[in-house]
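Trainee: Attaching a single structure in structure tokens format; questions to follow.
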Amino acid sequence: MKIGDKFIEVKRVAKQVDKFTFRKFLCIILSAYHLIILPYAWSQVKNPDTYTYLTISDVDSMDPAWSYDTASHLQILNVYEPLLAYKGSSTEELEPLIATKIPTPANGLISKDSLTYTFPIRKGVVFHDGTPLTPEDVKYGLMRFMLQDRDAGPSSLLLEPILGYPATRDEKGKINEAVFKDADRAIQVKGDNVVVHLKRPYAPFLTILAQWGVVVSKKWAAANGDWDGTEATWEKYNNPKKESAPFFDKMNGTGPFLLERWDKKNKEIVLLRNDHYWRKPARLKRVITKGVDEFATRKLMLQAGDADAIYADRPVFPQVQNLEGVQIIDELPTMEMNPTPFFTFHIDTTANPDIGSGKLDGNGIPPDFFSDKDIRKGFAHAFDYSSFIQDVQRGKGTRATGCIPRSLPGHNPKQKWYDYDLKKAQEHFKKAWKGEVWKKGFQFTLTFNSGNVPRQTLCQIIKRNVESINPKFKIDVRPVQWSTFLDRMNTSKLPMFVLGWNADFPDPHNFAFPFMHSKGNFPGLQKYKNPQADRLVEDSIKEVIPAKRKAIYAKLLQLEYEDAPHLVLVDTVRYRTQRNWIKGWYHNPVFPDSPYGSYFYPIYKE
Amino acid sequence: MLAFILRRLALLPLVALGVTLLLFGLLQFLTPEMRASLYIKDPRQLSAMEAVIQKYKLRDPFPVQYGVWLKQLLGGDLGYSETAKMPVGEAVRAFFPATFELALFSFFPILTIGIWLGTQSAVKKDKFIDQVSRFMAITGYSLPSFVLGLVLLMIFYGHLKLLPPGRFSLETDLLIHSENFRQYTGLLLADSILNRKLWVFWDGFKHLILPSITLCYINVALLVRITRSSMLEEINKDYVRTARAKGLSESVVINKHARKNALIPVITLSSLLFVGILGGVVITETVFNYPGIGRWGVNAAQQLDIPGVIGFALLYSCLFVLGNLVADTLYAYVDPRIRLK
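Listed below in structure tokens is the structure:
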């Protein structure tokens, strides 16, 4: 039989197969696949001892004294340990970690004048390289954090409370030689204790320590070419090049995980369980943090079980809902005020097209346009807060009542803020600049950094509502690159700008100062100064009795309402997207990159 | 010929120098504050703006900044790329092999399919195959690569769970970073063979399929159209008629006579395509989370990472010069009338 004949024969036999039987057979196979194999595949925990988190953020440096970004601090949180930590989900209650007790006035570890803190240091803790931790290492860690003091770094967070000045160099960059002696005097090792003397009472000191004061090994640092802890050499390590420090891409902490590798090429950080941890070792063996820029790819990897948690923000919420095997945990509080529109009280006019003619003639604004309170109040009443929460936050979150978010003490839920009321807005605009604004109108440019959708929507809401009040009011909305935005904002050229703030540590001071004090981050750019606000902020930091502090903040928030140097919009809540086989996770807004990144120690897969 | 190649290669440093001078000059149009945005990413850091400008000497005059950079370069140091978090030279060595692998893997299908389909659609003008190639060219050319990439990823990874994104799986990741695997070339497929780990080869291969198909589908379109029009021009020429008249078989007429003459524009385009892919394919790399050089280049440009941008531009200009050189040499090969002097 030829091959062609064979083929015809096979075809003839195939035709004889009962079509009905064949369909039945197909049905059985498909149902078996759906009923048995697929659910089995879904319920299977993929890589049970490896946790993979996909993010978009890049780590800047692994050095605890250098990093000032959440991606880096997420790794630092899991590898290094501070003296104290936040207890569970609390942002107020602390628990001992490397210290064995929390200093309080009651146990005598905080002196009566609130200036001296004593930390008994835990014994039997070893660094990842095997060297035992000593009180000397605790001192070294704090000293290194302060004395490294790189430009635009976090050192001032400890310099300010401990030494009473924010920097180790003057404005011209000259090193203040007294710093080492001051720090050496302020932090002392006494037996098994480390004693810290503050310059003045500083209410948030312990919360700052819990976030920033991690312990590093002095011996390891010196052996790897970093500062040896002596006065003779400290200046050499002041304001260094990032990549020159061994701490940049190596880590040697005491925490539940150790750094296996930082693969910069594949944007991947792999942490390995520390089997010699002083507490019970973690249940996860490996934690991988991977950079995946594209959301759709992150989502597919989560669905396939190749990722256990992913970064997903509010705009993509509908796309992660109802995914098989994926869990969403929503309404998680944050420590941020984002976004916030700020008014510039004295705008720089040099080469500045954003203020049009620079005069109050309907084609521009004068440089001190926003110094008139009625203008600011007009804008505050013209903003549609509810629509903003609905459109941008998809209805999640609550209206902010001041610059201190809900998750922190000092927040006052009863504090009044402006309502969306175009009539009231109109009244204020009519009073502003003795009626000139209403008569002649104005025109200026409202700028935001391009690519930021919530900020864009916010600017459009302002434009739409304010322009609807009077046809002579004109606002141009313009997106610019971050670099341009930064340049113009830093030189006070933007009449109004939109930015956000994430807390460094969970204390109201970390919002009161940057938002209200004339030397704070935003008022400095806005040229806003109210001596009363300055005084209140300064008083609040010295006050260690919580009730009295709260009363001071209540006054400050009232002043914020009356002055309206910026608009507060929403107390943001976030959500977390993870596989439902993840167990043990808990939220604390203090954790860097929270709620996406986490403290990996309690997590396991089941 | 050799003299020609050497002369062109000798020009390479000059071209590179020109590129860096031009780029450095253009970047000076940005204010020091704008260039400081690389180091200041958060409102918390704003107060340190001036200190950062001083530290990185961003306010120095152009010749001073360029001089410092050039001096550094002569010492073999291309500077530190803030976006890659490593020295520029190291960044190129880290990212380039992945892109090179992807380029090799997708370029040969592009070339074969492009030339074959182009020839066929010219020979069988307006027939079925021509219509198919026209359809492919139009869709390939108008389909954004992120759409095609995502659709492929959804089908082959999301639904069929066959071809995952990234460059390798977790198992490979753990192996290649362990002591049991030596990285000789940085090319995963080559290294896996040298280490005699065939499953790693298979893993790497699987991860290359989807990005290659995406690149192939999108880039083949232009090549098909160019080959087709160039072929159409050739097969209507007298020498083709003569060849047919003297009784040569159709395949010899088309494949040997006409196609060889039609290849000149195809070579030009192919060399450009290859260099283009080697210089990074940002969107494909982003969608498939493939750690190639394109993402680094774009990141560096967006964040004004000047050493990164210049390092990337240097690499690209060298690739471009070399690509053109290869094309010129190939012209002489396919058409002996062209003499390289």
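Each protein sequence line maps, in turn, to chains A and B.
Going by our numbering, the first sequence opens with residue 6, and the numbers climb by one from there.
Going by our numbering, the second sequence opens with residue 90, and the numbers climb by one from there.
For glycine and all other residues, C-beta sits at the position ideal for the given N, C-alpha and C.
Between A:N244, A:D568, A:V578, which has its C-alpha nearest A:R381's C-alpha?
Mentor: It is A:D568 whose Cα lies nearest to the Cα of A:R381.
Trainee: Judging by CA-CA distance, which residue of A:F185, A:P476, A:V573 is the nearest neighbour of A:N343?
Mentor: Closest by alpha carbon: A:V573.
Trainee: Could you tell me the distance, in whole angstroms, from the CA atom of B:V157 to the CA atom of A:T121?
Mentor: Each residue's alpha carbon lies about 49 Å from the other.
Trainee: Rounded to whole angstroms, how far is the Cβ of A:K272 from the Cβ of A:K295, which I believe are closer than 8 Å?
Mentor: About 6 Å; that satisfies the 8 Å criterion.
Trainee: In chain order, what residues of the segment 467–496 of chain A put their CB closer than 9 Å to some CB of chain B?
Mentor: Per Cβ criterion, the list reads Q486, W487, S488, T489, F490, L491, D492, R493, M494, N495, T496.
Trainee: State yes or no: is the C-beta of A:Y566 within less than 8 Å of the C-beta of A:K421?
Mentor: Yes, the Cβ-Cβ distance between A:Y566 and A:K421 is below 8 Å.
Trainee: Would a check of beta-carbon distances place B:I399 closer than 8 Å to chain A?
Mentor: Cβ-Cβ to chain A under 8 Å: no for B:I399.
Trainee: If the cut-off is 9 Å on Cβ atoms, which residues from the segment 302–332 of chain A count as contacting chain B, listed in chain order?
Mentor: Cβ contacts with chain B: T302, R303, K304, L305, M306, Q308, A309, D311.
Trainee: With DSSP run on the structure shown, which of helix, strand or coil describes A:F27?
Mentor: Only weak support is given to the placement of A:F27: the predicted model assigns it a pLDDT of 47, under 50, and the value that follows is read from those uncertain coordinates. In the structure shown, A:F27 sits in a helix (DSSP, three-state: H, G or I).
Trainee: Rounded C-beta distance between A:L152 and A:T173? I'm assuming under 8 Å.
Mentor: Their Cβ separation, rounded to whole angstroms, is 6 Å, which keeps A:L152 and A:T173 in contact under 8 Å.
Trainee: Find the nearest neighbour of A:T105 within the set A:E98, A:T96, A:K117, A:T123, judged by alpha-carbon distance.
Mentor: Cα-wise, what sits closest to A:T105 is A:T123.
Trainee: Give the DSSP-derived three-state secondary structure of A:N343 in the structure shown.
Mentor: If DSSP states are grouped into helix, strand and coil, A:N343 belongs with the strands.
Trainee: With a 10 Å radius around its C-beta and 16 neighbouring C-beta atoms as the bar for buried, classify B:T274 as buried or exposed.
Mentor: Exposed, since its Cβ has fewer than 16 Cβ neighbours within 10 Å.
Trainee: State the Cα-Cα distance for the pair A:I409 and A:K177, rounded to the nearest angstrom.
Mentor: If I take the Cα positions, the gap works out to 34 Å.
Trainee: Quick check: A:P69 and A:Y85, are their CB atoms within less than 8 Å of each other?
Mentor: Result yes, Cβ atoms of A:P69 and A:Y85 sit closer than 8 Å.
Trainee: Would you mind sorting B:D327 into buried or exposed? The rule is 16 or more other CB atoms within 10 Å of its CB.
Mentor: Flag for B:D327 reads exposed.
Trainee: A:I333 lies in the beta strand (DSSP E); which residues open and close that run?
Mentor: A:I333 -> beta strand (DSSP E) spans 331–338.
Trainee: Which residues, taken in chain order from the segment 161–193 of chain B, show a beta carbon closer than 7 Å to some beta carbon of chain A?
Mentor: Cβ contacts with chain A: Y169, A173, K174, M175, A183, F184.
Trainee: Determine, using beta carbons only, whether B:S301 and B:F194 come nearer to each other than 8 Å.
Mentor: Their beta carbons are under 8 Å apart, which means B:S301 touches B:F194 by this criterion.
Trainee: Touching or not, the segment 396–416 of chain B and the segment 500–512 of chain A, by the rule of three or more beta carbon pairs under 8 Å?
Mentor: The segment 396–416 of chain B vs the segment 500–512 of chain A: no contact.
Trainee: Please report the Cβ distance between B:L191 and B:Y379, rounded to the nearest whole angstrom; I am assuming they are in contact, meaning their Cβ atoms lie under 8 Å.
Mentor: Going by Cβ atoms, the distance from B:L191 to B:Y379 rounds to 7 Å, so yes, they are a contact pair.
Trainee: A:I467 and A:I480 - do their beta-carbons sit closer together than 8 Å?
Mentor: A contact, by the Cβ cut-off of 8 Å.
Trainee: One question on the structure: do A:N198 and A:P125 come within less than 8 Å of each other, judged by their Cβ atoms?
Mentor: Yes; because the gap between Cβ atoms is below 8 Å, this pair is in contact.
Trainee: Can you give the Cα-Cα distance for A:T452 and A:D353, rounded to whole angstroms?
Mentor: Their backbone Cα atoms lie some 15 Å apart in a straight line.
Trainee: Measure from the C-beta of A:E248 to each C-beta in chain B and report whether the shortest distance is under 8 Å.
Mentor: Judged by the 8 Å Cβ criterion, A:E248 is in contact with chain B.
Trainee: Keeping to the same chain, check which residues put their C-beta closer than 6 Å to that of A:R614; ignore five residues upstream and five downstream.
Mentor: Only positions 6 to 611 of chain A appear in the structure, and residue 614 of chain A is not among them; the question remains open.
Trainee: If you draw a straight line from the C-alpha of A:Y609 to the C-alpha of A:G602, how long is it?
Mentor: Cα-Cα distance, rounded: 14 Å.
Trainee: Taking the straight line between their C-alpha atoms, what separation do you get for A:T136 and B:L283?
Mentor: Computed Cα separation, rounded: 39 Å.
Trainee: Please report whether the beta-carbon of A:L168 lies at a distance below 8 Å from any beta-carbon of chain B.
Mentor: So no, A:L168 is outside the interface.
Trainee: Just verifying my parser: in three-state terms, what is the DSSP assignment at A:P410?
Mentor: It is coil, neither helix nor strand.
Trainee: Let me know the secondary structure DSSP gives A:G369 once reduced to three states.
Mentor: It is a strand residue.
Trainee: Quick one: Cα of A:L499 to Cα of A:Q537, how far?
Mentor: So the two alpha carbons sit approximately 26 Å from each other.
Trainee: For a test of the three-state rule: what should DSSP assign to A:A314, helix, strand or coil?
Mentor: DSSP places A:A314 in strand when its eight states are reduced to three.
Trainee: Under the three-state reduction of DSSP, which class applies to A:V573: helix, strand or coil?
Mentor: Here A:V573 sits in coil by DSSP.
Trainee: Quick one: grab the DSSP three-state call for A:T105.
Mentor: Three-state result, A:T105: coil.
Trainee: Leaving aside the five residues before and after A:L43 along the sequence, list all residues of the same chain whose C-beta is less than 8 Å from its C-beta, in chain order.
Mentor: With a pLDDT of 49 at A:L43, under the threshold of 50, the modelled position of that residue is not reliable, and the figure given next carries that caveat. Within the same chain, A:L43 has no close Cβ partners at all.
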